[in-house]
Amino acid sequence: MNRRDFLKSGLSAMGFLAVGGSLASGTTGCASVPRQTAAGVPTFDHLLEQGARVLWVGAHPDDESMVGAMLAKAGPKLGNPIHFYVLTHGDGGECTLPEDCHPDLGSVRGEELKKVAALYGATLEHEYYWNAPLPVESFPKRHEIAHKWVKENGDPTPKIAKTIRAFKPDILLTFDPKHGFTGHPEHQLASRFATAAVRLAAEKQAALDGEPFHVANVYYGLNRYGIARLAGVADPFPATDVFYGRQPCIGGKNCLEVMGEFTKPHRTQRNDMGTARLLTRFLINAYLYRVDPFVEIYDPFEPTDKVGMG
Numbered sequence: 001m002n003r004r005d006f007l008k009s010g011l012s013a014m015g016f017l018a019v020g021g022s023l024a025s026g027t028t029g030c031a032s033v034p035r036q037t038a039a040g041v042p043t044f045d046h047l048l049e050q051g052a053r054v055l056w057v058g059a060h061p062d063d064e065s066m067v068g069a070m071l072a073k074a075g076p077k078l079g080n081p082i083h084f085y086v087l088t089h090g091d092g093g094e095c096t097l098p099e100d101c102h103p104d105l106g107s108v109r110g111e112e113l114k115k116v117a118a119l120y121g122a123t124l125e126h127e128y129y130w131n132a133p134l135p136v137e138s139f140p141k142r143h144e145i146a147h148k149w150v151k152e153n154g155d156p157t158p159k160i161a162k163t164i165r166a167f168k169p170d171i172l173l174t175f176d177p178k179h180g181f182t183g184h185p186e187h188q189l190a191s192r193f194a195t196a197a198v199r200l201a202a203e204k205q206a207a208l209d210g211e212p213f214h215v216a217n218v219y220y221g222l223n224r225y226g227i228a229r230l231a232g233v234a235d236p237f238p239a240t241d242v243f244y245g246r247q248p249c250i251g252g253k254n255c256l257e258v259m260g261e262f263t264k265p266h267r268t269q270r271n272d273m274g275t276a277r278l279l280t281r282f283l284i285n286a287y288l289y290r291v292d293p294f295v296e297i298y299d300p301f302e303p304t305d306k307v308g309m310g
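Residue numbers for the sequence shown follow the working numbering, beginning at 1 and rising by one.
See the structure below:
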């Protein structure tokens with residue numbers, strides 16, 4: 001199975017689920033913004049409305065689309081500071097441009113991401129870690145990719161920690177560390193290195209530039225859509241927070257529709273992004289897991305037997 005087929009099946013599952021409503025929480029979609037979750041902590045949405053600075057840590061150009069409704073509210077609607085930290089240029093993927101990708105796919109995708117970051121009003125750091133090439137069945141094990149990254153380009157942890165100290169986010173948003181929304185091992189690694197960086201950035205004795213900084217709110221953006229759960233391909237973490245994606249955003253569009261519009265510069269990935277735009281008609285909510293990365297620790301180098309996507 002290639003990446004397009006994998007994502008198409010996964011995204012289609014999300015769409016079927018979303019037609020009927022929301023997640024297991026029973027939320028049907030309300031335009032008001034709740035201030036607290038059931039656990040009594042501020043909701044993600046309320047934090048945004050209080051002006052939260054948001055750091056997004058992803059693996060590939062276009063990963064931001066999976067949490068784009070929330071980013072659309074944070075930046076374009078509210079004007080909150082946003083920073084993208086993206087680990088690879090996605091050069092192991094495919095190019096769907098009729099004119100082909102020149103000088104190479106990674107360079108073109110890098111330029112695409114610059115345009116998308118500008119739409120969100122985000123600043124951007126874009127690393128050039130190795131991106132596992134298609135087909136997905138050939139992807140190495142997650143920990144093997146982690147070791148390759150460190151060997152070839154250095155440990156991402158202190159790099160992200162340095163960014164945390166410089167940007168001082170109120171919120172760090174990333175993938176879940178076990179499944180990573182689509183099963184991509186590099187999504188899982190983005191999460192694991194990001195949360196390791198949260199811990200490192202807070203250490204007083206760490207050999208890093210800048211003053212120690214503690215990120216108060218760390219979230220995993222989740223694929224907890226119904227059909228994905230039924231098919232056993234959802235993220236394993238429960239949703240502790242729900243973001244209403246159809247709330248008004250900018251230009252007469254809701255936040256999900258804005259996310260869809262902002263996928264258009266990713267022309268090299270137009271098949272995947274076209275599917276994502278189609279599904280904005282059916283999606284209602286986005287789902288989050290609030291994590292304490294000082295308690296729930298997931299090692300990037302944890303051995304796994306899984307290869308490919310999973």
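In this text, a Cβ means the ideal position worked out from N, Cα and C, and glycines have one as well.
CA-CA distance, residue i and residue j?
i, j, result
"GLU137", "MET309", "7 Å"
"ASP176", "HIS184", "11 Å"
"ARG35", "ALA52", "14 Å"
"ALA146", "ARG192", "10 Å"
"PRO133", "GLU186", "12 Å"
"PRO76", "ALA122", "9 Å"
"GLY40", "THR240", "11 Å"
"ALA24", "PRO169", "Note that ALA24 has pLDDT 35, beneath the 50 cutoff, so the model's placement of it is unreliable and the number below is only indicative. So the alpha carbons of these two residues sit roughly 30 Å apart."
"LYS253", "ALA216", "31 Å"
"VAL218", "ALA194", "10 Å"
"THR182", "TYR225", "12 Å"
"ALA196", "LYS162", "12 Å"
"ASP305", "PRO103", "36 Å"
"THR96", "LEU119", "22 Å"
"PRO156", "ASP299", "13 Å"
Taking 7 Å as the limit between beta carbons, can you name the residues of its chain near residue i, skipping five residues before and five after?
i, result
"PHE243", "PHE44, ASP45, ALA69, MET70, ASN285, ALA286 and LEU288"
"GLU211", "ARG165"
"ASN80", "LEU48, GLY51, ALA52, ARG53, VAL54 and ALA74"
"ILE297", "none"
"ARG199", "PRO293 and PHE294"
Per DSSP, what are the beta-bridge partners of residue i in this structure?
i, result
"VAL116", "Paired residue(s): none; VAL116 is not in a bridge."
"GLU125", "TYR85"
"GLY58", "VAL86"
"ILE250", "LYS253"
Excluding five sequence neighbours on each side, which residues of the same chain lie with their C-beta closer than 8 Å to the C-beta of residue i?
i, result
"VAL67", "TRP56, LEU173, GLY221 and ALA286"
"PRO236", "ASP176, LYS178 and HIS179"
"LEU78", "LEU48, GLU49 and GLY51"
"GLY110", "PRO61, HIS89 and HIS126"
By the DSSP assignment, the beta strand (DSSP E) with residue i in it spans what residues?
i, result
"ASN285", "285-291"
"VAL258", "From DSSP, VAL258 is part of no beta strand (DSSP E) but of the alpha helix (DSSP H) over 255-261."
"ASN223", "Here ASN223 belongs to no beta strand (DSSP E), and DSSP marks it neither H nor E."
"ASP45", "Per DSSP, ASP45 belongs to no beta strand (DSSP E); it is in the alpha helix (DSSP H), 44-49."
Please list, in chain order, all residues of the same chain as residue i whose beta carbon is under 6 Å from its beta carbon, the five residues on each side excluded.
i, result
"PRO303", "HIS143"
"GLN269", "ASP62"
"ALA117", "PHE84 and LEU124"
"HIS214", "ALA202"
In the DSSP assignment, find the unbroken alpha helix (DSSP H) run with residue i in it and report its ends.
i, result
"VAL198", "185-202"
"TRP149", "142-153"
"ASP272", "270-279"
"PRO156", "156-167"
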